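Chains as they are written, first to last, in this note's numbering: chain A, 1 to 303; chain B, 1001 to 1303. Here a beta-carbon is modelled for each residue, glycine too, at the ideal position from N, C-alpha and C. Every value quoted in this text rests on a predicted model; they were computed, and no experiment measured them.
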């Protein structure tokens, strides 16, 4: 199986270590770590770690884009990033010695219409068995970009987006959407033009958004998988402390890596790998021994 | 006249605009500004603004180095940056809507012995009438780097450094050193091996460090110029509120631009341009109308 991940708003994730963040002061940064980021890049990294054939695509430009490409190469993640004239956004996480993080997210580049058209042309030709679309849309890309990509794809699409991009993309009928509970509720409310439709039973059925299946995360409590064949829920083996950033990306990767397994097993894999990602310090990584140890113990319940 | 500025630890200065800095929170950066920085780069920028022929040199590498070169080109500052394998440091200033700034300074690259030797070889051949050495030393460069450059130069050298780099460089006999009062006191104390020598009269004579002249800044109170021909002091036309970053670099630029004028006039120019720099929001810029209006009114006093 070959997977294509699409990260239209990829980022260069920079981490600054300081003693303690003090507003107004000058801080000597003791360590600088730089890593290719963005949700689809994290998914690609996890798939690589699982031994699944994957290519990371998306937009990439400027000096930050060069650093992003260099990190993907260093990490052994195959890439087909589409060059743009704008500069890839950076995120800067300032982490104090006690571990507390303060994040600064750049607005990101403006993608031109010609660049978007160029990417669409490439996307229409690329060979893959599953496509994963992840994260926010950069400036300049149409609001229905994910719907366009879902329609243009000749293979199943997993869509991990938020807000209007999720609602618009889901309406085009992807194979799976993967919102968390908050994102799902917001998308259903925004999608229901008649107030009466926003009743509790409707909010319980994410498939009304248009996707064939939906993996809905309730964070540390677990996940629920809604399909045309039934609904299953599963919880992680224990309540975990750690780094929730990237846990959703790991769940998407697990769902894709287990593509040909029955739904309950795919859900169990997603819950297990998501928990293993919480136990790893960086998004895109996972605690392999935790994953190997606990994946068999997770038994989904049919609702 | 042609000036060469040397910025061994040049930087890419990045400014992030946010609503307000809140430790632990995620901040959406509304605006990102990127600018070539480092003290010698600021001096070169001011000299360009004064119409003086200048070349900015120093070390430059990686993605941040590329952005630095690009900004110098955009700004019309001629450059001869020496390429290194390491990545040029960034400084990130997070500025809130009330104008308060919080600074994060990366440690900067490690310069290899071969890179330092390569720079020295180039420096020994370059044509200039005055050389300006500014700022801190990057990792890997010897602590007496400024002394080596002063000795290797066939033309007068202005040294604007701090700490051990200042003390070591001044001992090699540059034409002018340009410390502020705190830097000067620290350098003299560290230079006097006999405690008895650290008396008040000695602290009053910066020339014991080895330079032929010293321009000493007392911040908003003005500057004192110590030379073999006498000592002069001058104050700015008014106490100024504004951005003191880069004011010292503007004073160095003025001193160099007025190289062939008598000492008191050079001092007056330094005080006037330094004050005009305080009134400009970015280091390397100055308020030209303020400068033109006030430079004639500054009359140095002989001490």
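Can you name, in chain order, every residue of its own chain whose Cβ lies under 7 Å from the Cβ of residue i, other than the five neighbours on each side?
{"i": "residue 1048 of chain B", "result": "1054, 1076 and 1077"}
{"i": "residue 1191 of chain B", "result": "1167 and 1209"}
{"i": "residue 96 of chain A", "result": "18, 19, 20 and 21"}
{"i": "residue 279 of chain A", "result": "240, 242, 287 and 290"}
{"i": "residue 228 of chain A", "result": "212"}
{"i": "residue 1034 of chain B", "result": "1012, 1014, 1067 and 1071"}
{"i": "residue 258 of chain A", "result": "265, 266 and 269"}
{"i": "residue 1141 of chain B", "result": "1008, 1111 and 1116"}
{"i": "residue 90 of chain A", "result": "11, 12, 14, 64 and 106"}
In chain order, what residues of the same chain have a beta carbon less than 6 Å from the beta carbon of residue i, not counting five sequence neighbours either side?
{"i": "residue 1163 of chain B", "result": "none"}
{"i": "residue 1177 of chain B", "result": "1159, 1170, 1211 and 1214"}
{"i": "residue 249 of chain A", "result": "39, 42 and 43"}
{"i": "residue 1275 of chain B", "result": "1236 and 1240"}
{"i": "residue 1251 of chain B", "result": "1270 and 1274"}
{"i": "residue 65 of chain A", "result": "88"}
{"i": "residue 183 of chain A", "result": "162"}
{"i": "residue 1073 of chain B", "result": "none"}
{"i": "residue 292 of chain A", "result": "none"}
Check each candidate in the options and name the one with the smallest Cα separation from residue i.
{"i": "residue 1300 of chain B", "options": "B/1093, B/1010, B/1060 and B/1225", "result": "B/1225"}
{"i": "residue 1004 of chain B", "options": "B/1042, B/1265 and B/1070", "result": "B/1042"}
{"i": "residue 1122 of chain B", "options": "B/1144, B/1179, B/1059 and B/1138", "result": "B/1059"}
{"i": "residue 92 of chain A", "options": "A/292, A/84, A/219 and A/101", "result": "A/101"}
{"i": "residue 233 of chain A", "options": "A/188, A/218, A/127 and A/292", "result": "A/218"}
{"i": "residue 1306 of chain B", "options": "B/1261, B/1052, B/1184 and B/1247", "result": "Beyond the ends of chain B as shown, which are 1001 and 1303, falls residue 1306 of chain B; an answer cannot be given."}
{"i": "residue 1001 of chain B", "options": "B/1130, B/1240, B/1251 and B/1237", "result": "B/1130"}
{"i": "residue 1239 of chain B", "options": "B/1256, B/1030 and B/1221", "result": "B/1221"}
{"i": "residue 236 of chain A", "options": "A/294, A/150 and A/186", "result": "A/294"}
{"i": "residue 1148 of chain B", "options": "B/1297, B/1298 and B/1006", "result": "B/1006"}
{"i": "residue 306 of chain A", "options": "A/207, A/139 and A/175", "result": "Nothing about residue 306 of chain A can be read from this structure; chain A reaches only from 1 to 303."}
{"i": "residue 116 of chain A", "options": "A/138, A/98, A/107 and A/134", "result": "A/138"}
{"i": "residue 1180 of chain B", "options": "B/1157, B/1204, B/1173 and B/1120", "result": "B/1204"}
{"i": "residue 1111 of chain B", "options": "B/1051, B/1175, B/1104 and B/1143", "result": "B/1143"}
{"i": "residue 310 of chain A", "options": "A/113, A/52 and A/283", "result": "Absent from the model: residue 310 of chain A. The displayed extent of chain A is 1 to 303, so no value can be given."}
{"i": "residue 1285 of chain B", "options": "B/1052, B/1046 and B/1090", "result": "B/1046"}
{"i": "residue 1032 of chain B", "options": "A/265, A/106, A/150 and A/260", "result": "A/106"}
{"i": "residue 1030 of chain B", "options": "B/1261, B/1251, B/1094 and B/1262", "result": "B/1094"}
{"i": "residue 82 of chain A", "options": "A/216, A/183, A/98 and A/69", "result": "A/69"}
{"i": "residue 1028 of chain B", "options": "A/103, A/165, A/256 and A/261", "result": "A/103"}
{"i": "residue 98 of chain A", "options": "B/1024, B/1108, B/1124 and B/1086", "result": "B/1024"}
{"i": "residue 16 of chain A", "options": "B/1255, B/1263, B/1216 and B/1108", "result": "B/1108"}
{"i": "residue 37 of chain A", "options": "A/52, A/57 and A/26", "result": "A/57"}
Since residue i meets chain A, which of its residues come closer than 8 Å, beta carbon to beta carbon?
{"i": "residue 1027 of chain B", "result": "102, 103, 104 and 105"}
Looking at the C-beta of residue i, does it have a partner C-beta in chain C at a distance below 9 Å?
{"i": "residue 241 of chain A", "result": "In the structure shown, chain C does not exist; the protein chains are A and B."}
Under 8 Å Cβ to Cβ from residue i, same chain only, skipping five residues before and after it: list those, please.
{"i": "residue 1231 of chain B", "result": "1224, 1225, 1302 and 1303"}
{"i": "residue 1127 of chain B", "result": "1002"}
{"i": "residue 268 of chain A", "result": "234, 295, 298, 299 and 300"}
{"i": "residue 1282 of chain B", "result": "1035, 1243 and 1246"}
{"i": "residue 150 of chain A", "result": "133, 157, 159, 169, 172, 173 and 174"}
{"i": "residue 194 of chain A", "result": "Because the pLDDT of residue 194 of chain A is 49, which lies under 50, any placement of that residue in the model is unreliable, and the number read from its coordinates should be weighed accordingly. If we look at residue 194 of chain A and ignore the five residues flanking it on each side, it has no Cβ neighbours."}
{"i": "residue 1124 of chain B", "result": "1152"}
So with CB distances below 7 Å, who are the chain B contacts of residue i?
{"i": "residue 164 of chain A", "result": "What residue 164 of chain A touches in chain B: nothing, since even the nearest Cβ is about 17 Å away."}
Residue i touches chain A at which residues, Cβ-Cβ below 7 Å?
{"i": "residue 1021 of chain B", "result": "23"}
Listing by chain order, which chain B residues have their CB less than 9 Å from the CB of residue i?
{"i": "residue 304 of chain A", "result": "Nothing about residue 304 of chain A can be reported from this structure: the residues present for chain A run from 1 to 303 only."}
In chain B, what lies closer than 8 Å to residue i by C-beta?
{"i": "residue 111 of chain A", "result": "Neighbours of residue 111 of chain A on chain B: none; closest Cβ ~16 Å, over 8 Å."}
Please list the partners that residue i has in chain A, where partner means a Cβ-to-Cβ separation under 9 Å.
{"i": "residue 1041 of chain B", "result": "The premise fails here: residue 1041 of chain B is roughly 17 Å from chain A at the closest Cβ pair, so nothing lies under 9 Å."}
{"i": "residue 1016 of chain B", "result": "92, 104 and 106"}
For residue i and residue j, which I take to be in contact (beta-carbon distance under 8 Å), what is that distance rounded to the nearest angstrom?
{"i": "residue 88 of chain A", "j": "residue 62 of chain A", "result": "6 Å"}
{"i": "residue 1009 of chain B", "j": "residue 1136 of chain B", "result": "5 Å"}
{"i": "residue 157 of chain A", "j": "residue 174 of chain A", "result": "4 Å"}
{"i": "residue 1253 of chain B", "j": "residue 1050 of chain B", "result": "7 Å"}
{"i": "residue 1120 of chain B", "j": "residue 1152 of chain B", "result": "7 Å"}
Relative to chain B, which residues along the stretch 78-97 of chain A have a C-beta separation below 7 Å, given in chain order?
Residues passing the 7 Å Cβ filter: 92 and 94.
Beta carbons nearer than 8 Å to chain B: which residues of the stretch 65-78 of chain A have them?
The stretch 65-78 of chain A vs chain B, Cβ under 8 Å: 66 and 67.
Residues of the stretch 1053-1065 of chain B in Cβ contact with chain A at a cutoff of 9 Å, in chain order, please.
Of all residues in the stretch 1053-1065 of chain B, those with a C-beta nearer than 9 Å to a C-beta of chain A are 1062, 1063, 1064 and 1065, reading in chain order.
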